[in-house]
Amino acid sequence: MKKDSSFKDFRKQLPDEIRQMIDSLGISSFEDLLALLAAMGMDMDKLEKSIEDGSLEAGNVQFEDLLVDDIDDVSNPFSLGDDEGLFADDETDKCLEEDPFRLPRHCFIGDNPQELHLRIKLVDAPVPVWREVKIPSNISLELFAYVINDAMGWENEHLHEFEVDGVKYKHTACIKMDNDMGFGYGKTRVLDTNKYPISQFFKEKRDRMKYEYDFGDGWLHEVWLKGLRDYEPDETPSFIIYKGSGACPPEDCGGIWGYSELLEIKAKKRKTAEEKDRLDWYGINRSFDPEYFDIEETQDVLDDLWEIAIERSGC
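In my numbering, the protein residues as written are 1 to 315.
Below, the structure written as structure tokens:
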């Protein structure tokens, strides 16, 4: 499906409160919207039919046409509630397992980790954007996605996937959602990010993988191993931002090409009112420096992530 005009046309049909919620969640494509639609009470059979016959993409479907007949029968499969204590342990685990926007209950796989020194690079960025992190090798691939997002500066509001040697790795809920919607992968194998430690993929220098964040904007990253070592007996593993360069692009700005265009507009001496509004919308003002990177602030974010992962896993 095309992203720009077709999604914008459909978005215009939504009630104001729904449109505002979509914007606040950073949803900018049909792919991002699929998970939310099921939770909002959409009839997924009607939605799938509208996608297949092209009426959704053409903007010929009204919002009300896609609602289920009895909204009270719909539950949010990603809702955990404000208080995890309201759930029994097995129910909490199930909710966390089904939510692609929250850390799973089990973030670590295996013991006696090594420290991995990894480089993360945003592919084709108009200004180099990269980070180097040092992390334990026994974290799950799903937790590693959060490390990448926090290190780069992404807000964790979009779906993601990894690819290694032609095999894709996605969150449990995303695989299930794709299967329910009838999205085929052809001969491509798709495995669960919650079931594999990153040690399986980074064993020797220059081992690498691809990571994509936000299927609408398509922020593609390359990740490769620069080195590994054993922890000292009295050393506690943690997430460390070693170094980096470049500001994280604004979310939902249209991917690499949209970001490049924003920087070109910023560099213009004379801007139209529309161009000024566009820069303001994405938070790119005169003080915005595309080469700036705050390593201390990033370390604070990674420290918080480590504490949450430890607490979540009961380590």
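We put the beta carbon where it would ideally sit given N, CA and C, even for glycine.
Chain D within 8 Å of residue i, Cβ atoms only
i: residue 182; result: Among the chains of the structure shown, chain D does not appear; only one protein chain is present.
Reduced DSSP secondary structure (H/G/I, E/B, other) of residue i
i: residue 214; result: coil
i: residue 269; result: coil
i: residue 264; result: helix
i: residue 300; result: helix
i: residue 339; result: This structure gives no information on residue 339, because the portion of the chain shown stretches from 1 to 315.
i: residue 169; result: strand
i: residue 10; result: helix
i: residue 192; result: strand
i: residue 312; result: helix
i: residue 256; result: helix
i: residue 175; result: helix
i: residue 50; result: helix
i: residue 251; result: coil
i: residue 295; result: helix
i: residue 305; result: helix
i: residue 328; result: Limits of the chain in this structure are 1 at one end and 315 at the other, which puts residue 328 out of reach.
Contact set for residue i: own chain, Cβ-Cβ below 7 Å, skip 5 residues either direction
i: residue 290; result: 127, 246, 247, 263
i: residue 308; result: 103
i: residue 241; result: 131, 133, 151, 295, 298, 299, 302
i: residue 306; result: 238, 239
i: residue 312; result: 103, 105, 107
i: residue 143; result: 103, 107, 309
i: residue 255; result: 217, 218, 219
i: residue 304; result: none
i: residue 167; result: 189, 191
i: residue 249; result: 259
i: residue 149; result: 156, 213
Residue interval of the alpha helix (DSSP H) (run including residue i)
i: residue 281; result: 273 to 281
i: residue 146; result: 141 to 152
Beta bridge counterpart(s) of residue i as assigned by DSSP
i: residue 244; result: 131
i: residue 224; result: 119, 208
i: residue 219; result: 213
i: residue 197; result: 140
i: residue 230; result: 114
i: residue 108; result: 139
Contact set for residue i: own chain, Cβ-Cβ below 8 Å, skip 5 residues either direction
i: residue 230; result: 114, 115
i: residue 279; result: 262, 265, 266, 271, 285
i: residue 253; result: 217, 259, 262, 282
i: residue 288; result: 247, 266
i: residue 374; result: Absent from the structure is residue 374, since the part of the chain shown begins at 1 and ends at 315.
i: residue 140; result: 104, 106, 107, 108, 109, 193, 194, 195, 196, 197, 198
i: residue 124; result: 220, 256
i: residue 112; result: 138
i: residue 320; result: The chain is shown only over 1 to 315; residue 320 falls outside these bounds and no answer can be derived.
i: residue 147; result: 133, 135, 139, 239, 302, 305
i: residue 118; result: 132, 133, 134, 135, 202, 223, 224, 225, 226
i: residue 185; result: 168, 178
Residue i, enclosing beta strand (DSSP E) - first and last residue
i: residue 160; result: 160 to 164
Spatial neighbours of residue i in its chain, beta-carbon cut-off 6 Å, leaving aside the 5 residues before and after
i: residue 219; result: 213
i: residue 192; result: 172
i: residue 221; result: 120, 122, 211
i: residue 209; result: 162, 164, 201, 223
i: residue 205; result: 225
Tell me whether the stretch 120 to 136 and the stretch 156 to 165 touch, counting them as touching only if at least three CB pairs, one residue from each stretch, are closer than 8 Å. no
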